[in-house]
Amino acid sequence: MRDDDFDLEAGTTEFYADAVYYEHEYEDRVADQRWYAQHYVDTEGEVLELGVGTGRIARRAVRQGARVLGLDLSETMLDYAREKAALLPKARRDDLTLVQGDMRAFDLGRRFPLISCPFNAFMHMYETADARRALACVKKHLEPGGLFLMDVLMADLDYLNRPSFKRYPGVRFKHPTYRTHYTYSEQSAWDPVRQINQMWFYYTRYDPEGPGPAEFCLQLSHRYFFPAELELLLEVCGLAIVARFGDFEEGPLTRDSESQVLMCTHLEDA
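Residue numbers (the working numbering): 67 to 336.
Here you go:
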């Protein structure tokens, strides 16, 4: 597998370029919202969320009484998050602050009792150096005794090792931005050395005369972290896992789990 097969810049930006579509795509994903929001609400003080995106999780938490500072690399996602934040109850709007920044290199000049990195955002740390820089920022900003929450996908080796670049058909759906129907198909390729999975999502307009582009493609890149590898990476960066689950109902982590859901703290506090 050649590095030039994977456009990691496209895999970091394209899937997040249309915030309306992104929000629509994950509107039924609620288990992680409940889990993170409850931890935010139970925290005394402002929470820092890395990779806040459209504010899907943060808005729910703020409605329930939390205070959240959300950081994201994408201005497009942040603009959408600000529009949605303006629709929060007036008494809660000041409890959600949104800032642009890179989770590998940010300095907010303060510490937080809880920091989160939800919904696979950490899987955009493609190089180990990227991951270490991000975790160093987490440690720097985490209060003594504070919690760091994160989730990443569990590696499904059957999926990752399927034939590279083979196109798999998807379903027909109504695109929320273009308001017309599209069919989509997808393909992926897995680099087992770099542990990066590159995905291509192809969209074709169902109505030849409808609005929106006739065809387009979005790329998405994910770096996978195996459980023992992630535990060691956190430890090297001065953080320790205090609880690890295989889902947002806090079931055990097994080979069949979809996600690794982690609760961490400073190594010296564990």
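Idealized CB from N, CA, C, for every residue including glycine.
Give the DSSP bridge partners of cysteine 283, in chain order. Position 217 of the sequence shown, counted from the start, is the residue given in the question as residue 283. In DSSP, cysteine 283 forms a bridge with Tyr268.
Look at the Cβ atom of leucine 180, then the Cβ atom of threonine 109, and state whether they are nearer than 7 Å. Taking the sequence shown and counting its residues from 1, one reaches residue 180 at position 114. Taking the sequence shown and counting its residues from 1, one reaches residue 109 at position 43. In contact: leucine 180 and threonine 109 (Cβ atoms closer than 7 Å).
Between which two residues does the beta strand (DSSP E) carrying threonine 194 extend? For the purposes of this step, residue 194 is taken as residue 128 along the sequence shown, with counting starting at 1. Threonine 194 -> not in any beta strand (DSSP E); alpha helix (DSSP H) instead, spanning 194-207.
Residue range of the beta strand (DSSP E) that aspartate 138 falls in? One-based indexing of the sequence shown puts residue 138 at position 72. Run containing aspartate 138: 134-138, per the beta strand (DSSP E) assignment.
Residue environment, phenylalanine 292, which counts as buried when at least 16 other CB atoms sit within 10 Å: As a first step, residue 292 must be located in the sequence shown, where it is residue number 226. Classification for phenylalanine 292: exposed.
Please list, in chain order, all residues of the same chain as arginine 321 whose beta carbon is under 7 Å from its beta carbon, the five residues on each side excluded. Counting from one through the sequence shown, the residue named residue 321 turns up at place 255. For arginine 321, where only same-chain residues beyond five positions count, there are no Cβ hits under 7 Å.
Taking Cβ to Cβ, would you say glutamine 270 is nearer than 7 Å to aspartate 84? Position 204 of the sequence shown, counted from the first residue, corresponds to residue 270. Position 18 of the sequence shown, counted from the first residue, corresponds to residue 84. Before going further, note that residue 270 is threonine rather than glutamine in the sequence given. Their beta carbons are not under 7 Å apart, which means threonine 270 does not touch aspartate 84 by this criterion.
Where methionine 67 sits in the DSSP three-state scheme: Within the sequence shown, residue 67 is the residue found at index 1, counting from 1. Its pLDDT being 49, under 50, methionine 67 is placed unreliably in this model, and the coordinates cannot settle the point.
Measure the Cβ-Cβ separation of glutamine 99 and arginine 126 and say whether it is below 7 Å. As a first step, residue 99 is located in the sequence shown; it is residue number 33 there, counting from the start. As a first step, residue 126 is located in the sequence shown; it is residue number 60 there, counting from the start. In this structure, arginine 126 lies closer than 7 Å to glutamine 99 by Cβ.
Unbroken beta strand (DSSP E) run spanning methionine 329, endpoints: Here residue 329 is taken as the residue at index 263 of the sequence shown, counted from 1. Here the beta strand (DSSP E) through methionine 329 covers 325-332.
Enclosing beta strand (DSSP E) for tyrosine 234 [first to last residue]: Taking the sequence shown and counting its residues from 1, one reaches residue 234 at position 168. From DSSP, the beta strand (DSSP E) with tyrosine 234 extends over 234-240.
At which residue ranges does the segment 86-159 contain complete alpha helix (DSSP H) runs of 4 or more residues, listed in the order of the chain? 97-107, 122-129 and 141-151
To the nearest angstrom, how far is it from the Cα of alanine 306 to the Cα of leucine 300? Against the sequence shown, residue 306 aligns to sequence position 240. Against the sequence shown, residue 300 aligns to sequence position 234. Using only the alpha carbons, I get a separation of about 6 Å.
In this structure, does DSSP put threonine 78 in helix, strand or coil? For the purposes of this step, residue 78 is taken as the residue at position 12 of the sequence shown. Of the three classes helix, strand and coil, the one that applies to threonine 78 here is helix, per DSSP.
Distance between leucine 208 and leucine 174 (C-alpha atoms, nearest Å): If you number the sequence shown from 1, residue 174 lands on position 108. If you number the sequence shown from 1, residue 208 lands on position 142. Their backbone Cα atoms lie some 11 Å apart in a straight line.
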